[in-house]
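First comes the structure, then the notes that go with it.
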Amino acid sequence: MHTHSDAAYAAAQILAARRLRGEAGPRLPEPCRPNTLEEAVMVQTAVTREMDAEVGGWKCGLPTPDRIVVAPIYSHTIQRSSPCSIWPKGGHARVEPEFAFVFGEDLPTRDLPYTHAEIDAAITRTHMALELIASRYSDPASVSFAEALADGLVNQGLFLGPEVDSELAQQTSEVQLKLADACGPVEQYAGRHPNTLPRLPLYWLVEYLRCHGQAIHAGQVVITGSYAGVLTLPLAQDLTIEYAALGSLQVRFEALG
Numbered sequence: 072m073h074t075h076s077d078a079a080y081a082a083a084q085i086l087a088a089r090r091l092r093g094e095a096g097p098r099l100p101e102p103c104r105p106n107t108l109e110e111a112v113m114v115q116t117a118v119t120r121e122m123d124a125e126v127g128g129w130k131c132g133l134p135t136p137d138r139i140v141v142a143p144i145y146s147h148t149i150q151r152s153s154p155c156s157i158w159p160k161g162g163h164a165r166v167e168p169e170f171a172f173v174f175g176e177d178l179p180t181r182d183l184p185y186t187h188a189e190i191d192a193a194i195t196r197t198h199m200a201l202e203l204i205a206s207r208y209s210d211p212a213s214v215s216f217a218e219a220l221a222d223g224l225v226n227q228g229l230f231l232g233p234e235v236d237s238e239l240a241q242q243t244s245e246v247q248l249k250l251a252d253a254c255g256p257v258e259q260y261a262g263r264h265p266n267t268l269p270r271l272p273l274y275w276l277v278e279y280l281r282c283h284g285q286a287i288h289a290g291q292v293v294i295t296g297s298y299a300g301v302l303t304l305p306l307a308q309d310l311t312i313e314y315a316a317l318g319s320l321q322v323r324f325e326a327l328g
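Counting in my numbering, the sequence shown runs from 72 upward without gaps.
Following this line, the structure appears as structure tokens:
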């Protein structure tokens with residue numbers, strides 16, 4: 072009979088191999104398929120160990136009674152300059168426009184919760200950012216939430232754009248996003264944060280990690296939700312995404328492999 076740790080290790084071997092090769096495949100075999108949130112997080116942890124990867128940050132969102140939104144972002148997948156290398160899907164990049172909060176100080180584990188003021192004081196920079204999206208499942212719509220959570224909630228990395236005004240960004244619940252290519256404007260999006268204010272999930276994340284014996288480390292980056300869902304963007308084109316008065320980022324996507 073498989074123990075939970077054996078099942079997590081078996082699942083992690085499959086998911087880590089797919090990550091490294093940029094591949095997608097069928098659902099995990101039933102004996103190692105996570106059925107609960109706890110089992111899914113065990114698989115996440117085992118994937119990190121299997122890849123021998125450094126956690127450079129986190130993606131998160133506010134929880135619901137039956138879901139938690141938390142997944143590691145690996146340091147080697149965080150890109151800070153264009154071109155941005157990705158595993159494409161159908162010849163396109165799939166991204167989510169967000170803000171990324173960069174910690175300049177550690178928040179070590181301790182007995183007492185951190186206050187919002189303490190967390191805010193540890194954040195030294197805010198950037199425009201694009202979460203890079205890819206599932207390790209061929210048909211992600213067919214898997215359970217626990218299976219998606221085990222796979223890191225479709226994260227394949229992060230493109231870190233220019234720094235923005237931190238005070239303005241943390242109060243931004245809505246923002247008009249404009250996409251342009253070399254020929255001019257392409258699309259506009261009425262951006263809205265899924266949890267209203269973008270730092271609210273971050274406060275939850277710090278407490279979640281503290282309760283699980285994990286610290287936030289200086290240099291780690293946290294993203295908290297897309298303002299416009301998933302955007303499907305072309306490869307090999309110079310693109311600009313404008314975040315209204317906050318600024319804009321320029322990016323060109325190139326396929327890995």
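Note that CB positions come from ideal geometry on N, CA and C, so glycine has one too.
{"Asked": "What span of residues does the alpha helix (DSSP H) with Pro272 cover, start to end?", "Found": "Leu271 to Cys282"}
{"Asked": "Should the region 86-103 be called in touch with the region 229-236, which here means at least 3 C-beta pairs below 8 angstroms?", "Found": "no"}
{"Asked": "Do you know how far the Cα of Leu178 is from the Cα of Leu280?", "Found": "10 angstroms"}
{"Asked": "How long is the line joining the alpha carbons of Leu86 and Val118, rounded to whole angstroms?", "Found": "7 angstroms"}
{"Asked": "Would DSSP call Cys131 helix, strand or coil?", "Found": "strand"}
{"Asked": "Kindly give me the distance between the Cβ atoms of Glu202 and Val166, rounded to whole angstroms, as I take these residues to be in contact under 8 angstroms.", "Found": "6 angstroms"}
{"Asked": "Just mark Cys155 as buried or exposed, buried being the case when its beta carbon has 16 or more other beta carbons within 10 Å.", "Found": "buried"}
{"Asked": "Hey, would you say Trp158 sits closer than 8 angstroms to Leu327, going by beta carbons?", "Found": "yes"}
{"Asked": "Does the Cβ of Asp222 have 16 or more other Cβ atoms within 10 Å, making it buried, or fewer, making it exposed?", "Found": "buried"}
{"Asked": "Measuring CA to CA, which of Leu108, Met113 and Thr107 is closest to Gln84?", "Found": "Met113"}
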